[in-house]
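J.: Start counting at 1 in the sequence shown, then tack on 101, and there's your number in my numbering.
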Amino acid sequence: MIRGMLLRIVRNAVAKQYSFQGKGESNKKFDKYLIVSMMLNVVRSHEEYKSFSESSFQTIVADWLRNSDKRLRTELKREAASIQPVADYL
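Encoded structure:
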């Protein structure tokens, strides 16, 4: 659920610039944004996740941000593979 929300909210190219707490070389702080607490509230609004811990949520988001570069490379490879050359009729 959390990863799905992140995929819809943040593009991989943007996520690559962030870490959850802003640690690391040239990483911006992601946890300062209101959307982070809103996402946790959405998760907890579901009956089966009422007691979902903030630390578990942070771990999932931090891991998702950490892997954004890998997802971006895969995304770019798929896009490049799907581009078909156009025949030159001139």
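Backbone N, C-alpha and C fix where the C-beta goes; we use that ideal spot for every residue, glycine too.
Bear in mind the structure is a predicted one, so any value in this text is a computation, not a measurement.
Thinking just about the alpha-carbon of each residue, which of M106, V115 and R109 is nearest to the one in R167?
T.: When only C-alpha atoms are compared, the closest one is V115.
J.: Along the chain, where does the alpha helix (DSSP H) that runs through N142 open and close?
T.: It spans L135 to R145 - the alpha helix (DSSP H) in which N142 sits, taken as one unbroken run.
J.: Taking only the alpha-carbon atoms, compute the straight-line gap between V162 and E180 and give it to the nearest angstrom.
T.: Computed Cα separation, rounded: 25 Å.
J.: Is the beta carbon of L173 sitting closer than 9 Å to the one on E155?
T.: No, they are not a contact pair.
J.: What's the C-alpha gap between H147 and M102?
T.: Their Cα atoms are separated by approximately 11 Å.
J.: Give the DSSP-derived three-state secondary structure of S152 in the structure shown.
T.: Correct three-state label for S152: coil.
J.: V143: buried (16+ other C-beta within 10 angstroms of its C-beta) or exposed?
T.: By the 10 Å Cβ count, V143 comes out exposed.
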